[in-house]
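A.B. asks: If you count the sequence shown from 1, position 137 lands on 1408 in the working numbering, and the numbers rise without skipping.
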Amino acid sequence: MSNPLPLTGVCVFELGSNVSGPYGTWILAALGAEVIKVERPGTGDDARGWGPPFWREAATVFQVVNRDKSSISVDYKDPAALAELRRRITDEADVVLQNLRPGVADGLGLGAAHMRALKPELIYCNLWAFGATGPLSERPGFDALMQAFGGIMAVTGEDGQAPVRAGISVVDMGTGMWCAIGILAALNRRHLTGTGGVVDASLFETALGWTAYYNADVQVTGEPPKRHGSGVRGIAPYQAYDCADGYLVVAASNDRLFASLARELGHPEWLDDPRFTDNPARASHREDLNALLIPLFKGQPRDHWQDRLDQAGVPNAPIQHAGEVIAHPQTQALGMLQDTGAGISLTGLPLSFDGERPALRNIAPDLPDRNKN
1272 MSNPLPLTGV
1282 CVFELGSNVS
1292 GPYGTWILAA
1302 LGAEVIKVER
1312 PGTGDDARGW
1322 GPPFWREAAT
1332 VFQVVNRDKS
1342 SISVDYKDPA
1352 ALAELRRRIT
1362 DEADVVLQNL
1372 RPGVADGLGL
1382 GAAHMRALKP
1392 ELIYCNLWAF
1402 GATGPLSERP
1412 GFDALMQAFG
1422 GIMAVTGEDG
1432 QAPVRAGISV
1442 VDMGTGMWCA
1452 IGILAALNRR
1462 HLTGTGGVVD
1472 ASLFETALGW
1482 TAYYNADVQV
1492 TGEPPKRHGS
1502 GVRGIAPYQA
1512 YDCADGYLVV
1522 AASNDRLFAS
1532 LARELGHPEW
1542 LDDPRFTDNP
1552 ARASHREDLN
1562 ALLIPLFKGQ
1572 PRDHWQDRLD
1582 QAGVPNAPIQ
1592 HAGEVIAHPQ
1602 TQALGMLQDT
1612 GAGISLTGLP
1622 LSFDGERPAL
1632 RNIAPDLPDR
1642 NKN
C-alpha cells in the first residue's frame, strides 16, 4: 500500500489454536500488526492437521487463518520457557489474544490479571467458549457445539429434516472478528487513557448475537422458530428456486419488487390476491405462493430467469460452488484472491483503504523447530 497499514507498529501474541482465535489475529495481521503465534513443540496448532486437503504440509484451513504471522514454539511444561514467554510479552506486546481451555492461561501465569500486573498498558483479549462468567464458563466448546447450543442449527436446514450445521465456521470466525473489533476499540481507548484493559468474547455470545431476531421472535410469539431452508422468516418470496439447470435465489423482499416479479412472470393478478397483497400476507401464505412459483422456475434454465429478473429489477443470484465463485469476473475484479506465488491464492481481507486492499505479505508459518522458543 502507498500508506502504512493501519496497525503498523502493533505487536500481538496469539496463545491458542484452531480457527476462532487465529482468525481474529489474522485480521490484525492483515491490517499490519506483527502477530507472533505461540505453538506447542512438535505438533503445533491443532488446525495444522485438520485435513485433507493439505498444502505445504498443513491443512488449508490453517493456511487461511494464519497467513501474515510468525510462529514460535513454547513448551508450557518448561518453567524457563514460560518465564521467557512472559518476558517477551512484557517487553514486546501491545496485545495478547488467548483461546486456551478455560483456566489454562491463568494456571500458566499467562492470564490477563498476571500479565496486566506486569504491563498495565497491555490489551488482553480472552476468547471463551461459553463466556467469562456463568455456570458453563469453565466448559470448552467448538463451532458446531455453539451452532447447536446457541440456536443456529435450530433454524438452519429444511423444516422437518435433521438439523444442519452452517457450512462455514460462522461462530468461530465471527467470534474472531468480534475479538478484533474489541481489540481495535481497546487500542483506541489506550490512545486516550494510556492504559490497556481486558476484552472478553465467546463463541456462545457470538451465536446469541447472530440469532438476535429469532431471540426477539420467540418472546413475541411464544413459539420456537421454524426452519425455512434457503429462505428466511418474515419475507416471501426470498429463497432458492430449482430451475431447469440449477438453483437461483430470488429476493423479492418488498411489495414493489414482488409487483415487478409478478408482472415479469406474466401474473399481474397475483397483486390482487389477498394472500399476496403485502409481505406479511405472502410470508403467511408462503406455501401457496411457492406452489405457483416452483413450476414456473423449473421450466427454464437459470440464465433465462436471470436475464428476465435483471431486466425487471428483481435481485437474484445463482447458487455457486467455490470454484465458480473464484472464477467469476466480479471476484477477479475485486482482487480478493491473492496469489501466493506457490500454486494457490488465499482470500484477502474484505476491506480496502483508499482503494487498496492490504496485500498478502507472507504465507502461514511452518511449524517451528521443537527446540526453539
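Cβ atoms here follow ideal geometry from the backbone N, Cα and C, with glycine treated the same way.
Predicted, not measured: the structure shown is a model, and the values here were computed from it.
Please give the ranges of any beta strand (DSSP E) in the segment 1558 to 1593, keeping only runs that are unbroken, at least 3 residues long and fully inside the region.
C.D. replies: 1587 to 1589
A.B. asks: Evaluate residue 1622 with the Cβ neighbour count: other Cβ atoms within 10 Å of its Cβ, from every protein chain shown; 16 or more gives buried, anything less gives exposed.
C.D. replies: Per the 10 Å Cβ criterion, exposed.
A.B. asks: If distances are taken between C-alpha atoms only, which option among 1315, 1307, 1299 comes closest to residue 1288?
C.D. replies: For residue 1288, the closest alpha carbon among the candidates 1315, 1307, 1299 is that of 1315.
A.B. asks: Taking only the alpha-carbon atoms, compute the straight-line gap between residue 1570 and residue 1299 and give it to the nearest angstrom.
C.D. replies: 49 Å
A.B. asks: Spatial neighbours of residue 1586 within its chain, please: CB distance less than 6 Å, with the 5 preceding and 5 following residues excluded, ordered by chain position.
C.D. replies: The residues are 1522.
A.B. asks: What do you get for residue 1305, buried or exposed, if any count of 16 or more other CB atoms within 10 angstroms of its CB means buried?
C.D. replies: buried
A.B. asks: If we call anything under 9 Å between Cβ atoms a contact, is residue 1580 one with residue 1532?
C.D. replies: yes
A.B. asks: From what residue to what residue does the beta strand (DSSP E) around residue 1397 run?
C.D. replies: 1394 to 1399
A.B. asks: Would you mind sorting residue 1605 into buried or exposed? The rule is 16 or more other CB atoms within 10 Å of its CB.
C.D. replies: exposed
A.B. asks: Between which two residues does the beta strand (DSSP E) harbouring residue 1638 extend?
C.D. replies: Counting along the chain, residue 1638 falls outside any beta strand (DSSP E), and DSSP gives it neither H nor E.
A.B. asks: If you reduce the DSSP assignment to three classes, tell me which class residue 1433 lands in.
C.D. replies: coil
A.B. asks: Taking the beta carbon of residue 1634 as the centre, do at least 16 other beta carbons fall within 10 Å, making it buried, or is it exposed?
C.D. replies: Buried.
A.B. asks: Name the two residues that bound the continuous alpha helix (DSSP H) containing residue 1517.
C.D. replies: From DSSP, residue 1517 is part of no alpha helix (DSSP H) but of the beta strand (DSSP E) over 1517 to 1522.
A.B. asks: For residue 1328 versus residue 1625, is the C-beta spacing smaller than 9 Å?
C.D. replies: no
A.B. asks: Any idea what DSSP makes of residue 1512, helix, strand or coil?
C.D. replies: strand
A.B. asks: Measure the CB-CB distance between residue 1284 and residue 1335 and report whether it falls below 9 Å.
C.D. replies: no
A.B. asks: Run through the DSSP bridge pairs and tell me what residue 1283 is partnered with.
C.D. replies: 1306, 1366
A.B. asks: Taking 9 Å as the CB-CB limit, is residue 1467 close to chain B?
C.D. replies: The chain inventory of the structure shown lacks chain B, comprising one protein chain alone.
A.B. asks: Using the beta-carbon count (16 or more within 10 Å), is residue 1564 buried or exposed?
C.D. replies: By the neighbour-count criterion, in which 16 or more other beta carbons inside 10 Å mark a residue as buried, residue 1564 falls on the buried side.
A.B. asks: Mapping the DSSP letters down to three states, classify residue 1505 as helix, strand or coil.
C.D. replies: Coil, per DSSP.
A.B. asks: By how many angstroms is the C-alpha of residue 1354 removed from the C-alpha of residue 1312?
C.D. replies: 16 Å
A.B. asks: Could you check the C-alpha separation between residue 1423 and residue 1350 for me, to the nearest Å?
C.D. replies: 42 Å
A.B. asks: Could you spell out where the alpha helix (DSSP H) holding residue 1488 opens and where it closes?
C.D. replies: Boundaries of the alpha helix (DSSP H) harbouring residue 1488: 1483 to 1492, taken from the DSSP string.
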